[in-house]
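Just below is one structure, and these are the notes that go with it.
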């Protein structure tokens with residue numbers, strides 16, 4: 126049987142490149158040769174744990190990593206329609222019957238080949254043109270996450286929006302907000318290079334929260350309003366939390382005007398420091414945003430159309446032969462923003 130290389134979790138904080146059998150597609154399946162795969166914070170979460178806990182005893186099992194793949198179809202089952210050998214595709218990791226690709230399922234996208242079970246265009250895969258580089262196409266999944274949070278915000282062109290966190294999701298949300306026609310989008314972070322990227326992809330203003338008073342600066346940018354008690358507050362309509370720190374939540378509570386919205390897309394770190402009672406003073410609406418119920422392939426054509434803007438989110442392109450270094454970069458705070466692993470021709 127032909128084999129392939131695949132990346133899986135090993136000891137806590139480490140990955141292992143293993144040689145496994147190359148999947149053989151059935152009549153309803155397709156086989157994709159992976160050409161690029163992004164590394165996500167979820168991958169890092171599994172790496173820190175050394176795998177995924179199973180059962181009540183908490184024993185860890187290794188899992189195949191990678192849920193942001195883009196590649197080229199190399200085999201198509203006899204029953205598959207709408208797909209042909211040579212098609213370039215992005216993948217819906219949540220569409221695999223054997224479990225979420227790269228997140229506990231039987232398959233991982235950080236592999237030389239990926240089996241697409243029950244291959245169906247618009248459900249499990251979407252085809253994109255050869256004008257879009259594979260590395261940018263690999264942003265499809267995280268940009269769907271970002272798009273969903275913007276959709277959940279229901280931001281209007283007249284709204285004033287602030288995004289906390291200039292990582293890939295926060296920057297993706299910034300792009301989608303601007304493409305949605307939102308006139309004033311401010312991005313908050315503590316890393317100057319991230320803030321430069323935010324401006325490059327279309328943010329109207331940025332705030333370094335390690336150097337500036339966020340509430341005061343938002344008042345300058347968005348004008349002055351008031352909370353439910355009439356206390357002065359910035360005129361910000363929508364807050365998006367793509368950072369997940371307690372400090373962000375508390376800043377929003379201290380800043381929110383009457384009937385402002387907070388969209389929570391970042392994984393939240395547990396904290397006893399959050400005063401939910403502060404929500405009463407603004408009647409703040411808290412909106413949770415999880416995954417991409419409909420957006421996974423809604424974003425594909427727009428990524429193609431605006432690829433130069435999205436390409437700026439990639440800080441590092443690392444060849445698969447150096448995949449351990451790619452994960453090391455991602456796990457090192459401040460070393461990289463978005464790492465995409467590329468596979469040789």
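Residue numbers (this note's numbering): 126 to 470.
The beta-carbon is built from N, C-alpha and C at its ideal position, and this holds for glycine as well.
Beta-carbon spacing of residue i, residue j below 8 Å
i: residue 141; j: residue 133; result: yes
i: residue 293; j: residue 450; result: no
i: residue 452; j: residue 237; result: no
i: residue 382; j: residue 358; result: yes
i: residue 269; j: residue 427; result: no
i: residue 210; j: residue 201; result: yes
i: residue 152; j: residue 221; result: no
i: residue 300; j: residue 435; result: yes
i: residue 216; j: residue 241; result: yes
i: residue 407; j: residue 353; result: yes
i: residue 360; j: residue 303; result: no
i: residue 227; j: residue 456; result: no
i: residue 207; j: residue 246; result: yes
i: residue 390; j: residue 370; result: no
i: residue 155; j: residue 244; result: yes
i: residue 280; j: residue 305; result: yes
i: residue 346; j: residue 330; result: yes
i: residue 460; j: residue 454; result: yes
i: residue 185; j: residue 229; result: no
i: residue 412; j: residue 272; result: no
i: residue 429; j: residue 282; result: no
Buried or exposed by the 16-neighbour rule on C-beta atoms within 10 Å, applied to residue i
i: residue 234; result: buried
i: residue 414; result: buried
i: residue 149; result: exposed
i: residue 410; result: exposed
i: residue 405; result: exposed
i: residue 179; result: exposed
i: residue 394; result: exposed
i: residue 266; result: buried
i: residue 223; result: exposed
i: residue 474; result: Residue 474 lies beyond the residue range present for the chain, which begins at 126 and ends at 470; the question has no answer from this structure.
i: residue 131; result: buried
i: residue 212; result: buried
i: residue 239; result: buried
i: residue 343; result: buried
i: residue 448; result: buried
Option in the options with minimal Cα separation from residue i
i: residue 198; options: 252, 464, 143; result: 252
i: residue 364; options: 371, 470, 377; result: 377
i: residue 298; options: 254, 454, 165, 388; result: 388
i: residue 316; options: 179, 337, 232; result: 337
i: residue 416; options: 154, 195, 219, 144; result: 219
i: residue 440; options: 351, 168, 465, 412; result: 465
i: residue 257; options: 195, 244, 283; result: 195
i: residue 193; options: 458, 433, 425; result: 425
i: residue 250; options: 431, 282, 422; result: 422
i: residue 396; options: 412, 386, 375, 403; result: 375
i: residue 287; options: 430, 127, 333, 418; result: 333
i: residue 442; options: 128, 164, 429, 254; result: 164
i: residue 296; options: 470, 437, 448; result: 437
i: residue 167; options: 127, 212, 126, 225; result: 225
i: residue 444; options: 470, 412, 429; result: 470
i: residue 386; options: 372, 362, 402, 400; result: 362
i: residue 135; options: 402, 169, 307; result: 169
Beta-ladder partner(s) of residue i, from DSSP
i: residue 364; result: 287, 387
i: residue 177; result: 186
i: residue 213; result: 197, 253
i: residue 273; result: For residue 273, which the question treats as bridged, DSSP gives no partner whatsoever.
i: residue 311; result: 287, 330
i: residue 147; result: For residue 147, which the question treats as bridged, DSSP gives no partner whatsoever.
i: residue 141; result: 133
- Message: Does the structure place the region 280 to 294 close enough to the region 189 to 208 that three or more beta carbon pairs sit under 8 Å?
- Response: no
- Contact between the region 153 to 173 and the region 248 to 267 (3+ Cβ pairs under 8 Å): Judged by Cβ distances under 8 Å, the region 153 to 173 makes contact with the region 248 to 267, as three or more pairs qualify.
- Task: Say whether the region 323 to 332 touches the region 297 to 314, bearing in mind that this needs 3 or more beta-carbon pairs closer than 8 Å, one atom from each stretch.
- Result: Judged by Cβ distances under 8 Å, the region 323 to 332 makes contact with the region 297 to 314, as three or more pairs qualify.
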